[in-house]
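Counting along the sequence shown from 1, when you hit position 143 you're at 832 in my numbering, and nothing is skipped either side.
Some notes on the structure that comes next.
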Amino acid sequence: MKRIYIKDLKDYVDKEVTVAGWVDVRRDQGKLIFFDFRDVSGKVQGVVLPNNNEAHEIGSKVRSEWVVEVRGKINKRPERAIQVDKQNGDIEMEIFNIAVLNEAEVSPFDIAGDGKEINEEIRLRHRYIDLRRERMQENIRRRHLVSKFVRDFYSKEGFVEIETPYMTKSTPEGSRDFIVPSRLDLGKFYALPQSPQQYKQLLMSAGFERYFQIARCFRDEDTRGDRQPEFTQIDMEMSFATQEDIISINERLLIDTIKALYPEKEIQEIPFPRFSHTEVMEKYGSDKPDIRKDKNNPNLLAFCWVVDFPFFEKGNDGSWTFSHNPFSLPKQEYISDLLEKKNIEKIVADQFDVVLNGYEIGGGSVRAHKPECLKKVFEIMSYSEERIEKNFGHMLKSLASGTPPHGGLAFGFDRLMMILQGEPNIREVIAFAKTGEGRDPMMDSPSEVQDEQLNELGIKIRK
Ligand code: ASP
């Protein structure tokens, strides 16, 4: 018999149906055994009546989280047993037969509640069970809806989603790279990208004009509660675009996404207010201000743009480093300063962040599209001619090959989802998250590898 989704059972009153799913709860009252069954679409209550010996026998054995196929008849509940506001609260399945598709060990924790009271390491170790809870199902499904909306939005605007390599060469985004040893080229390493920055610019050089990608990024940062060694960006780049073009299309993306998928939420101000970096620091003492007028309202979304970031800042050793992205372009009036390497502390870049409720959820810039501009950035950072050539020769060559003016932005997708779902950290919106210390307790990763693997790579571990 064809399987019916639980959400559709209301259309089958007085009919015989088969459902398949999990035993959510079982209440054995001796003569009557009640079940809540759960599938991807919802829950329904079932009951085994005393006269059905066979079903009674199996029904008294099955436990929560067992996977079953159940055949029965959908009955209207008597008036007094109706539970309003509950899915299938007015029907009940009279069980004829239960087939056990798979048994389950006793669950390490309860999945009925929101799970926040359970030790997180244990939740992550049994993530496949933790994800069964309604809250996590909702987070992950919402994430899918947002990513689909984003894909459709950019696609309609003429953007092409293009995958860029995960095994690549270091991209300087101000963090440490994860590296992957090469077996075929002993002693050499790939780096996992901190972002698709260089590739997306190369795609502008390649004439795609409008690119986007929902891309994984990898950064080996010291552990901080809300960081993950791998995270997801909604990444985009466009040619012949000013800062205004980049801001306006992405502001529209955010507004449209929220109106379509989170209609209950209120955007505090449209268009989003904009502050210069100087202004925001003076006014709020932070470059990611929380400008919500009412911080108790969980449905209030206060976006703002912070623009005109200083291009350079002094690093720990006193030398100049970029404040956001070495590939940015100074604002028009500062380009001569960059080329002459003077007034470095005053150079302002066409660079911006988008902030939501006090979190930086994205950032981008207009890029240097002429090789001499990019080269000066590295010279100001005291990179030797040789290092510039070795690390960025391909970028300089591409800029010299006929690259249009271009710029773009990337959103931190996990963080955006965390705020939209009202979650306290990004692990709650990532299916298989790592702990705050960067470990995966389910796979037990990172882990040691076979000596043989190390030998092949020419690697010896110093203890
Ligand atoms: N690649 C940049 C980042 O990861 C974003 C951008 O400028 O497009 O922060």
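Glycine residues also receive a C-beta, built at the ideal position from the N, C-alpha and C atoms.
Predicted model, so just to flag it, every value in this text is computed and none were measured.
Task: Distance between Asp819 and Ile807 (C-alpha atoms, nearest Å) - done: 10 Å
Open item on the list: the ligand ASP and Ala1153: does the residue's C-beta get closer than 7 Å to at least one heavy atom of that ligand?
Closed with: Absent from the structure is residue 1153, since the part of the chain shown begins at 690 and ends at 1152.
- [ ] Would you kindly work out how many angstroms separate the C-alpha atoms of Ile935 and Asp779, rounded to a whole number?
- [x] 51 Å
TODO: Please indicate yes or no: does the CB of Lys1014 lie closer than 7 Å to some heavy atom of the ligand ASP?
DONE: Here the sequence assigns Asn to residue 1014, which means Lys is not the residue at that position. At least one heavy atom of the ligand ASP is nearer than 7 Å to the Cβ of Asn1014, so yes.
Task: C-alpha distance - Ile763 paired with Lys732, whole-angstrom precision - done: 13 Å
Open item on the list: Are the CB atoms of Phe1000 and Ala1038 within a distance shorter than 8 Å?
Closed with: yes
Task: Test item: CB-CB of Asp728 and Ala709 under 8 Å - done: yes
Task: Completely contained alpha helix (DSSP H) runs for the region 982 to 1042, where each covers 4 or more residues - done: 1024 to 1029
Task: Cβ shell of Phe907 (< 7 Å), same chain only, five flanking positions each side left out - done: Only Phe867, Leu881, Pro882, Gln883, Pro918, Glu919 meet the Cβ criterion.
Task: Three or more C-beta pairs below 8 Å linking the region 744 to 757 and the region 774 to 788 - done: yes
TODO: Could you check the C-alpha separation between Ile1115 and Pro870 for me, to the nearest Å?
DONE: Taking the straight line from one Cα to the other gives about 29 Å.
Task: First through last residue of the alpha helix (DSSP H) which encompasses Phe1102 - done: 1102 to 1109
TODO: If I'm right that Met1107 touches Val1118 with Cβ under 8 Å, what's the distance once you round it to whole angstroms?
DONE: Confirmed, Cβ separation roughly 5 Å.
- [ ] Give the secondary structure of Met970 by DSSP, where H, G and I count as helix, E and B as strand, and everything else as coil.
- [x] helix
TODO: For Phe848, collect the residues of the same chain with a Cβ closer than 6 Å to its Cβ; drop the 5 residues on either side in sequence, then sort them by chain order.
DONE: Excluding positions up to five away in sequence, the list reads Arg899, Phe901.
- [ ] Using three-state DSSP, classify Thr946 as helix, strand or coil.
- [x] helix
- [ ] Could you tell me the distance, in whole angstroms, from the CA atom of Leu943 to the CA atom of Asp976?
- [x] 20 Å
Open item on the list: Does Asn985 pass the burial test, meaning 16 or more other C-beta atoms within 10 Å, or should it be called exposed?
Closed with: An exposed status is given to Asn985, since fewer than 16 other beta-carbon atoms sit within 10 Å of its beta-carbon.
Open item on the list: Taking its Cβ as the centre, do 16 or more other Cβ atoms sit within 10 Å of Val712, making it buried, or is it exposed?
Closed with: buried
Task: the region 1022 to 1031 in contact with the region 1071 to 1078 per 3-pair CB rule at 8 Å - done: Below 8 Å, too few C-beta pairs join the region 1022 to 1031 and the region 1071 to 1078 to call them touching: fewer than three.
TODO: List the whole-angstrom C-beta distance separating Gly1053 from Gly1101, where the pair is believed to meet the contact cut-off of C-beta under 8 Å.
DONE: No, Gly1053 and Gly1101 are not in contact; Cβ-Cβ is about 12 Å, not under 8 Å.
Task: DSSP-derived helix/strand/coil call for Asp909 - done: coil
Task: Residue range of the alpha helix (DSSP H) that includes Ala744 - done: 742 to 748
- [ ] Please work out which residues of its chain come closer than 6 Å, Cβ to Cβ, to Asp803, disregarding the five sequence neighbours upstream and downstream, and give them in chain order.
- [x] Arg824
- [ ] Can you tell me which of the three DSSP states Asp1133 falls into?
- [x] coil
- [ ] Would you mind working out which of Lys704, Arg766, Glu783, Arg760 sits nearest Ile722, comparing C-alpha positions?
- [x] Glu783
Open item on the list: For Asp945, which residues in the same chain have their Cβ closer than 8 Å to its Cβ, ignoring the five residues on either side in sequence?
Closed with: Closer than 8 Å at Cβ, skipping near neighbours: Phe838, Phe842.
Task: Nearest candidate by alpha-carbon position, reference Lys1059, set Gly1091, Glu1034, Gly1007, Lys889 - done: Gly1091
- [ ] Could you tell me if Ser1017 is buried or exposed, where buried requires 16 or more neighbouring beta carbons within 10 angstroms of its beta carbon?
- [x] buried
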